[in-house]
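Engineer: The structure's right below; bear with me while I get my questions together.
2 protein chains.
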Amino acid sequence: MAKLEVLFFDVLGTVVDWRGSMAAEAASFFERHDARHIDAHAFADAWVARYDPAVEAIRSGRRSFVSLDVINMENLEGCLEASGLTPSAFPPAELENLNRAWHRLRPWPDSVKGLSRLKERFIVAPLSDGSTRLLVNMARHAALPWDTIFGADVSCAYKPMPRAYLRACELLNVTPDRAMLIAAHDYDLDAARRCGLRTAYVHRENAADPSKDGNPKALQAWDYDANDLVELADILRPAAQSSSS
Amino acid sequence: MAKLEVLFFDVLGTVVDWRGSMAAEAASFFERHDARHIDAHAFADAWVARYDPAVEAIRSGRRSFVSLDVINMENLEGCLEASGLTPSAFPPAELENLNRAWHRLRPWPDSVKGLSRLKERFIVAPLSDGSTRLLVNMARHAALPWDTIFGADVSCAYKPMPRAYLRACELLNVTPDRAMLIAAHDYDLDAARRCGLRTAYVHRENAADPSKDGNPKALQAWDYDANDLVELADILRPAAQSSSS
Numbered sequence: 003m004a005k006l007e008v009l010f011f012d013v014l015g016t017v018v019d020w021r022g023s024m025a026a027e028a029a030s031f032f033e034r035h036d037a038r039h040i041d042a043h044a045f046a047d048a049w050v051a052r053y054d055p056a057v058e059a060i061r062s063g064r065r066s067f068v069s070l071d072v073i074n075m076e077n078l079e080g081c082l083e084a085s086g087l088t089p090s091a092f093p094p095a096e097l098e099n100l101n102r103a104w105h106r107l108r109p110w111p112d113s114v115k116g117l118s119r120l121k122e123r124f125i126v127a128p129l130s131d132g133s134t135r136l137l138v139n140m141a142r143h144a145a146l147p148w149d150t151i152f153g154a155d156v157s158c159a160y161k162p163m164p165r166a167y168l169r170a171c172e173l174l175n176v177t178p179d180r181a182m183l184i185a186a187h188d189y190d191l192d193a194a195r196r197c198g199l200r201t202a203y204v205h206r207e208n209a210a211d212p213s214k215d216g217n218p219k220a221l222q223a224w225d226y227d228a229n230d231l232v233e234l235a236d237i238l239r240p241a242a243q244s245s246s247s
Numbered sequence: 003m004a005k006l007e008v009l010f011f012d013v014l015g016t017v018v019d020w021r022g023s024m025a026a027e028a029a030s031f032f033e034r035h036d037a038r039h040i041d042a043h044a045f046a047d048a049w050v051a052r053y054d055p056a057v058e059a060i061r062s063g064r065r066s067f068v069s070l071d072v073i074n075m076e077n078l079e080g081c082l083e084a085s086g087l088t089p090s091a092f093p094p095a096e097l098e099n100l101n102r103a104w105h106r107l108r109p110w111p112d113s114v115k116g117l118s119r120l121k122e123r124f125i126v127a128p129l130s131d132g133s134t135r136l137l138v139n140m141a142r143h144a145a146l147p148w149d150t151i152f153g154a155d156v157s158c159a160y161k162p163m164p165r166a167y168l169r170a171c172e173l174l175n176v177t178p179d180r181a182m183l184i185a186a187h188d189y190d191l192d193a194a195r196r197c198g199l200r201t202a203y204v205h206r207e208n209a210a211d212p213s214k215d216g217n218p219k220a221l222q223a224w225d226y227d228a229n230d231l232v233e234l235a236d237i238l239r240p241a242a243q244s245s246s247s
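Going down the list, the sequences are from chains A and B. Take 3 as the starting number for the first sequence in this note's numbering and just add one per residue. Take 3 as the starting number for the second sequence in this note's numbering and just add one per residue.
As structure tokens, this is what we get:
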């Protein structure tokens, strides 16, 4: 069996709590702008729900590649309108700051410790639909110890497009069987497996995109299955690997 | 004046002592293979000297993009032949290990401390002709605290091609005037300036590629000039910036 060298991580939902973080930022925004009547959690869900259909236009080739920052801003304006608010009534810098909430998403409590342990033996890198700058800002904000960063703008491909996985493998000079994707979403792992990568499912509350039929339990047998990234580090430690092989 | 957000670093010569490191690895290789009569320093110089002409074939479009690992191996074989040795007489794993010396280049004594201080205020990233994997391995080996890594394979362009600088700015979502290149080579700074980036020259002994007419002194007035990366951190500290503006 090929030696595992690289761990790629889905980020939004898997490493950071996107929905919880965005609800908190939206609540703060509505409080500052006399719109406390809007349910911040429902607003965050509505915002996230627009993400996948918007990206699908790019995956299918109907729209040229634009970064997630552009898509998120369009969706933010759409959600404000759907909530009865007028986007142009807010100072542009305030909207920009709320959109940058995606750059400040909070890691799950185990993420930094788990990544740090995994980094001792493997190259660790995000493989995310977020832009490279978004992921750099997030890593600096949350002290995520990545070896390097692959945003969707590196390959100009959104997951689950095969190019997203294969270009990242190519840039780290590994055949796909020397890499593994860690994710809390089945569709992502399924695409990675089809590209030849190994797979590890991490159970996360609240990770599912409400625009998909999210299921917190893995529907398929992935190579590994862990409750969090610290547990994954335990599972992948040398003794455990050799005793299971 | 636009706010400076990103510092890009030339790596080979500027952050790591490539010629010194490679001479040491070559000496060890020749000792193990009964070829102590070959001058390891001259061999390292000859190896480095083949780098620029080989990359020029790619810059000019005469050859498709291949990574520096491929070029370095070709040049290693050429240098062994020029030294009267037969590359095929060595175990392939030994040649591969010597070629991987480029992944283990030693940082200058100030590099880790200087980068760590600069990282407190700026995004720090290599912008190198090395491959992404080479730079990831080097960062892990030498504890270089990059925020993210841009090898030549990200843009498929070797410096001083404008695309190398502009694609890195694009991926970090900055206009070139919000970025600066730090390098010990004038040709690199000159190309960065033409792309609109700011420039800082670092004086390094032994940094010049012997295939070029290297000059340890900056020939032009760059925006900043420092003896090492710790001094650059001093120069760019907030008080110094505001007192000079």
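Backbone N, C-alpha and C define an ideal beta-carbon position, used for all residues, glycine too. Note that the structure is a prediction, hence the values are computed from the model and not measured.
Out of Phe45(A), Leu70(A), Ala141(A) and Asp225(A), state which residue places its alpha-carbon closest to the alpha-carbon of Arg195(A).
Structural biologist: Among Phe45(A), Leu70(A), Ala141(A) and Asp225(A), the Cα nearest to that of Arg195(A) belongs to Asp225(A).
Engineer: Whether or not the region 152 to 159 of chain B and the region 177 to 190 of chain B are in contact is what I'm after, with contact meaning three or more pairs of Cβ atoms, one per stretch, closer than 8 Å; do they touch?
Structural biologist: These segments do not touch.
Engineer: Does the distance from the CB of Phe31(A) to the CB of Leu100(A) come in under 8 Å?
Structural biologist: Yes, they are a contact pair.
Engineer: Look up Asp215(B) in the DSSP assignment and say whether it is helix, strand or coil.
Structural biologist: Reliability fails at Asp215(B), whose pLDDT of 47 lies under 50, so the model's placement of it is uncertain and the value that follows must be treated cautiously. Reduced to three states, the DSSP call for Asp215(B) is coil.
Engineer: Any heavy atom of the ligand ZN inside 7 Å of the beta-carbon of Glu58(B)?
Structural biologist: Ligands are entirely absent from the displayed structure, and the ligand ZN is therefore not among its contents.
Engineer: From this set, Tyr203(A), Asp19(A), Gly132(A) and Ala223(A), which residue's C-alpha is nearest Glu233(A)'s C-alpha?
Structural biologist: The candidate whose alpha carbon is nearest that of Glu233(A) is Tyr203(A).
Engineer: Curious, which full-length alpha helix (DSSP H) runs of at least 4 residues does the region 157 to 219 of chain B contain?
Structural biologist: Here the runs fully enclosed are 164 to 173 and 188 to 196.
Engineer: Determine the closest residue to Cys171(B) out of Ser133(B), Pro128(B), His35(B) and Met140(B), with distance taken between C-alpha atoms.
Structural biologist: Of Ser133(B), Pro128(B), His35(B) and Met140(B), the residue nearest in Cα terms is Pro128(B).
Engineer: Considering only the beta carbon of each residue, do Asp149(A) and Arg142(B) sit closer than 8 Å?
Structural biologist: Their beta carbons are under 8 Å apart, which means Asp149(A) touches Arg142(B) by this criterion.
Engineer: Please name the residues in the region 130 to 151 of chain B whose beta-carbon is closer than 8 Å to at least one beta-carbon of chain A, in chain order.
Structural biologist: If the cut-off is 8 Å between Cβ atoms, the region 130 to 151 of chain B has Ser133, Thr134, Arg135, Leu137, Val138, Ala141, Arg142, Trp148, Asp149, Thr150 and Ile151 near chain A.
Engineer: How would you write the range of the beta strand (DSSP E) that Val126(A) sits in, first residue to last?
Structural biologist: Unbroken beta strand (DSSP E) run through Val126(A): Ile125 to Pro128.
Engineer: At a Cβ threshold of 8 Å, is Leu74(A) touching chain B?
Structural biologist: With the sequence shown as reference, residue 74(A) is identified as Asn, and Leu is not the correct amino acid for it. With 8 Å as the cut-off, Asn74(A) does not count as an interface residue toward chain B.
Engineer: Three or more C-beta pairs under 8 Å: does that hold for the region 99 to 119 of chain A against the region 67 to 78 of chain A?
Structural biologist: Segments in contact, yes.
Engineer: Counting only the same chain and skipping the five closest in sequence on each side, list residues whose C-beta sits under 6 Å from that of Arg2(A).
Structural biologist: Past the edges of chain A, shown from 3 to 247, lies residue 2(A), and the structure says nothing about it.
Engineer: For Ile125(A), go through chain B and note every residue whose CB falls closer than 8 Å to its CB, in chain order.
Structural biologist: Under the 8 Å cutoff, chain B gives Val138 and Arg142.
Engineer: Check each residue of the region 170 to 189 of chain A: if its Cβ is closer than 7 Å to any Cβ of chain B, include it; give the result in chain order.
Structural biologist: Those residues of the region 170 to 189 of chain A that come within reach of chain B (Cβ to Cβ, closer than 7 Å) are Leu173, Leu174 and Asn175.
Engineer: Please go through the same chain and pick out, in chain order, the residues whose beta-carbon is closer than 7 Å to the beta-carbon of Leu117(A), but skip the five residues on each side of it.
Structural biologist: Here the set comprises Val126, Leu146, Pro147 and Leu231.
Engineer: Could you work out which residues of chain B lie near Asp155(A), taking near to mean beta carbons separated by less than 7 Å?
Structural biologist: Correct list: Leu173.
Engineer: Look up Asp225(A) in the DSSP assignment and say whether it is helix, strand or coil.
Structural biologist: DSSP places Asp225(A) in coil when its eight states are reduced to three.
Engineer: Look at the alpha carbon of Ile151(A) and the alpha carbon of Asp190(A), and state the distance between them as a whole number of angstroms.
Structural biologist: About 18 Å.
Engineer: Return the chain-ordered ranges of every alpha helix (DSSP H) run that is complete within the region 48 to 128 of chain A and spans a minimum of 4 residues.
Structural biologist: Complete alpha helix (DSSP H) runs here, min 4: 53 to 61, 70 to 84, 94 to 101 and 113 to 121.
Engineer: Helix, strand or coil for Leu231(A) per DSSP?
Structural biologist: Note: Leu231(A) maps to helix in three-state DSSP.
Engineer: Using a Cβ-Cβ cutoff of less than 7 Å, which residues in the same chain neighbour Leu87(B) once the five nearest sequence positions on both sides are dropped?
Structural biologist: Excluding positions up to five away in sequence, the list reads Ala37.
Engineer: By the DSSP assignment, the beta strand (DSSP E) with Val8(A) in it spans what residues?
Structural biologist: Where Val8(A) is concerned, the enclosing beta strand (DSSP E) stretches over Val8 to Phe11.
Engineer: What first and last residue would you give for the alpha helix (DSSP H) that runs through Arg34(A)?
Structural biologist: It spans Trp20 to Arg34 - the alpha helix (DSSP H) in which Arg34(A) sits, taken as one unbroken run.
Engineer: Relative to the C-alpha of Ala26(B), which residue among His187(B), His43(B), Phe10(B) and Asp112(B) is closest?
Structural biologist: Of His187(B), His43(B), Phe10(B) and Asp112(B), the residue nearest in Cα terms is His43(B).
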